[in-house]
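I have placed the structure first, in the form of structure tokens, so that the comments after it can refer back to it.
Residue numbers (UniProt numbering): 1 to 300.
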């Protein structure tokens with residue numbers, strides 16, 4: 001079993017890059033650095049690293065993973081993470097390009113939404129090598145060249161700026177992979193829907209007519225989840241095929257039916273417990289969904 005390579009191991013293996021910037025917390029919030037791929041090692045050791053790396057490869061070679069080898073014969077962007085052991089082997093001809101390496105603490109500082117290990121291009125089993133056309137190569141090269149300029153500057157908050165460039169780089173890469181982008185959106189929709197359904201279920205059971213019924217509308221649920229109402233509605237519709245309002249109404253209806261059958265509360269008490277301002281509003285709601293009045297269910 002190969003030992004896990006640390007940042008210190010990396011800098012010992014790359015003495016030309018062993019600058020004063022190698023400290024594990026060089027940014028104050030994690031580590032970040034960016035380098036040219038010159039000189040390029042003929043082969044890197046196979047194994048895991050305790051840091052993340054994004055490499056722009058211009059030159060021939062192959063990425064080696066546990067279950068496969070990926071030949072590279074044209075410019076490519078490679079995403080490496082602690083979760084995926086790998087190695088690089090150079091092919092014939094010149095090697096150019098550049099790479100940035102960073103820790104999870106660096107990218108997740110500030111206002112980053114989400115966890116770095118959840119980013120599709122860093123996950124095990126996903127596509128980690130993106131071949132680039134000329135337009136994409138120019139875009140990625142421009143971002144990484146700008147990173148090199150910024151890190152060499154005396155700008156006081158340069159690491160905030162570098163963090164922003166890194167996020168742009170990650171999302172530009174995701175846009176270059178439509179399948180992964182679609183899966184990312186679907187995954188986000190599934191997570192939001194699961195959070196909504198959990199939050200909905202937390203409103204029940206109603207144990208007392210005096211119990212305060214918290215969330216009733218899509219807007220209230222969206223606010224509690226810190227997402228826009230339209231985003232919540234789209235996510236729920238995508239995953240369940242039903243509207244947010246319908247799922248809320250159906251859950252309130254099921255609770256109403258349970259209270260009618262298993263308690264001796266009055267219709268007015270049930271209406272109050274379920275958050276209706278007037279018993280008549282509850283009766284109209286119940287009759288609209290079931291075709292019968294609440295009293296008809298209780299009498300069965």
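Ideal Cβ placement from N, Cα and C applies to all residues, glycine included.
Which residues in the same chain as residue i place their Cβ atom closer than 8 Å to its Cβ, once the five residues preceding and following it in sequence are excluded?
{"i": "residue 195", "result": "225"}
{"i": "residue 209", "result": "265, 269, 270, 272 and 273"}
{"i": "residue 90", "result": "40, 41, 42, 43, 59, 60 and 61"}
{"i": "residue 200", "result": "215, 221, 247, 248 and 251"}
{"i": "residue 232", "result": "192, 196, 218, 221, 222, 225 and 244"}
{"i": "residue 69", "result": "62 and 63"}
{"i": "residue 165", "result": "143, 146, 147 and 150"}
Closer than 6 Å by C-beta to residue i: which residues in its own chain qualify, once you throw out the five before and the five after it? Chain order, please.
{"i": "residue 84", "result": "124"}
{"i": "residue 271", "result": "279 and 282"}
{"i": "residue 229", "result": "218, 219 and 222"}
{"i": "residue 26", "result": "none"}
{"i": "residue 51", "result": "7, 101 and 103"}
{"i": "residue 55", "result": "78 and 99"}
{"i": "residue 109", "result": "29"}
{"i": "residue 131", "result": "74 and 76"}
{"i": "residue 298", "result": "260"}
Can we count residue i as close to the ligand COA, meaning its CB is less than 7 Å from some heavy atom?
{"i": "residue 49", "result": "No copy of the ligand COA occurs in the structure displayed, which carries no ligand at all."}
Whose C-alpha, out of the options, is nearest the C-alpha of residue i?
{"i": "residue 73", "options": "95, 67 and 99", "result": "95"}
{"i": "residue 274", "options": "215, 229, 235 and 295", "result": "215"}
{"i": "residue 57", "options": "30, 234 and 71", "result": "71"}
{"i": "residue 170", "options": "228, 217, 99 and 259", "result": "99"}
{"i": "residue 187", "options": "89, 239, 138 and 175", "result": "239"}
{"i": "residue 97", "options": "141, 46 and 168", "result": "141"}
{"i": "residue 137", "options": "78, 121 and 151", "result": "78"}
{"i": "residue 301", "options": "14, 242 and 53", "result": "Look at the range of the chain in this structure, 1 to 300, and you will see that residue 301 is not part of it."}
{"i": "residue 173", "options": "120, 205 and 213", "result": "120"}
{"i": "residue 66", "options": "134, 235, 267 and 48", "result": "48"}
{"i": "residue 46", "options": "32, 5 and 14", "result": "5"}
{"i": "residue 133", "options": "76, 87 and 80", "result": "76"}
{"i": "residue 256", "options": "241, 242, 237 and 284", "result": "284"}
Grouping DSSP H, G and I as helix and E and B as strand, with all else coil, what is residue i?
{"i": "residue 147", "result": "helix"}
{"i": "residue 227", "result": "coil"}
{"i": "residue 192", "result": "helix"}
{"i": "residue 168", "result": "helix"}
{"i": "residue 294", "result": "helix"}
{"i": "residue 65", "result": "strand"}
{"i": "residue 1", "result": "Confidence is the limiting factor: at residue 1 the pLDDT is only 46, short of 50, which leaves the residue's position unreliable and the question unanswerable from this model."}
{"i": "residue 135", "result": "helix"}
{"i": "residue 158", "result": "helix"}
{"i": "residue 33", "result": "strand"}
{"i": "residue 6", "result": "coil"}
{"i": "residue 216", "result": "coil"}
{"i": "residue 173", "result": "helix"}
{"i": "residue 140", "result": "helix"}
{"i": "residue 187", "result": "helix"}
{"i": "residue 322", "result": "The requested residue 322 is not part of the displayed model; the chain covers only 1 to 300."}
{"i": "residue 41", "result": "coil"}
Return the Cβ separation of residue i and residue j in integer angstroms, given the expectation that the two are a contact with Cβ distance under 8 Å.
{"i": "residue 147", "j": "residue 155", "result": "That pair is no contact at about 12 Å."}
Among the residues of its own chain, which have a CB less than 7 Å from the CB of residue i, if the five just before and after it don't count?
{"i": "residue 36", "result": "98"}
{"i": "residue 1", "result": "In this predicted model, residue 1 has a pLDDT of only 46, less than 50, meaning its place in the structure is not dependable enough to derive any value."}
{"i": "residue 20", "result": "In this predicted model, residue 20 has a pLDDT of only 46, less than 50, meaning its place in the structure is not dependable; the value taken from the coordinates is given anyway. The answer is none, since no qualifying residue turns up."}
{"i": "residue 235", "result": "189, 192 and 193"}
{"i": "residue 92", "result": "60"}
Problem - Segments of 3+ residues assigned as beta strand (DSSP E) that fall wholly inside the region 89-124 - result: 96-102
Practice task
May I have a chain-ordered list of the alpha helix (DSSP H) segments no shorter than 4 residues that lie completely inside the region 218-292?
Solution key: 218-225, 229-240, 244-262, 267-273 and 279-290, all fully within the region 218-292.
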